[in-house]
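Everything on this sheet refers to the single structure shown next.
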Amino acid sequence: MDALKIEAVDTERLSLVPLAVEHADKMADVLSDQALHAFTGGTPYSAQALRSRYARLVAGSPDASQTWWNWVIRLRAEKRLVGTVQATITEGEFERAAEVAWVVGTRWQGRGIATEAARALVAWLREQDVGAIRAHIHPDHHASAAVAGAAGLAPTSHWHESEIRWELPGE
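Residue 6 is where the sequence shown starts when you use this note's numbering, and the numbers rise one by one after that.
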């Protein structure tokens, strides 16, 4: 895959800041609510475990056919981190494809932050010539489905590990 580079993305209220290991301590607090794992399973990471995870993510995919792009979401007015967005990029025969995901800490949900961040992520990926953009969402996770729809993705008939694949129409 050619040298695709992650960069900061700004919206009206948010800055999507490329992930750094140094974000782990603050993000451990943001992501500490067990409710964030209701549809994905698992438990919140400790600050130390999140530092290790972020170090692996920042180092990049061990698979040369994939690029990992991860951002923290900074709510500029509050000068604080409130969530993450991510994209795993793969190079297909005819186009680049991205698998995207987002999470916003419980305290900041219901304010349109995930929608604004996901829209910015999808738009930025399109500017990077990523043609196919997909997300996998649990069928009962209505809030995440609403975010996907607002970002331009639509549900498909494809399932993967009990989740519905959403994608940009026409893919």
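Where is the CB? At the ideal position from N, CA and C, for every residue including glycine. Everything numeric in this text was worked out from a predicted model, so none of it was measured.
L86, DSSP secondary structure in three states: For this step, residue 86 is matched to residue 81 along the sequence shown. The answer is strand: DSSP assigns L86 an E or B state.
Continuous alpha helix (DSSP H) stretch holding Q53: start and end: In the sequence shown, counting from the first residue as 1, residue 53 sits at position 48. Counting along the chain, the alpha helix (DSSP H) containing Q53 begins and ends at A52 to A64.
Presumed contact (8 Å Cβ cut-off) between P23 and A13, rounded CB distance: Here residue 23 is taken as the residue at index 18 of the sequence shown, counted from 1. Here residue 13 is taken as the residue at index 8 of the sequence shown, counted from 1. 6 Å between Cβ atoms; contact.
8 Å contact criterion, which T93 and V77 should meet: CB distance rounded: Numbered from its first residue, the sequence shown carries residue 93 at position 88. Numbered from its first residue, the sequence shown carries residue 77 at position 72. Contact flag wrong, Cβ pair sits at about 17 Å.
At least three beta-carbon pairs within less than 8 Å, the region 112-127 to the region 66-86: yes
For H165, three-class secondary structure by DSSP: Here residue 165 is taken as the residue at index 160 of the sequence shown, counted from 1. H165: strand per DSSP, three-state reduction.
Close beta carbons around L41, own chain, < 8 Å, minus the five adjacent residues each side: For this step, residue 41 is matched to residue 36 along the sequence shown. Excluding sequence neighbours, L41 sits near P49, V108, G110 and T111.
Spatial distance of A150 from I142 (CA atoms): As a working note, residue 150 is residue 145 in the sequence shown. As a working note, residue 142 is residue 137 in the sequence shown. Cα to Cα, A150 sits roughly 7 Å from I142.
Selection from V26, S51 and L130 that minimises the alpha carbon distance to I11: Translated into positions along the sequence shown, residue 11 becomes position 6. The candidate whose alpha carbon is nearest that of I11 is L130.
Beta-carbon contacts of A103 that lie in its chain and below 6 Å, excluding the five residues immediately before and after: As a first step, residue 103 is located in the sequence shown; it is residue number 98 there, counting from the start. Closer than 6 Å at Cβ, skipping near neighbours: A92, I94, L130, V135 and I138.
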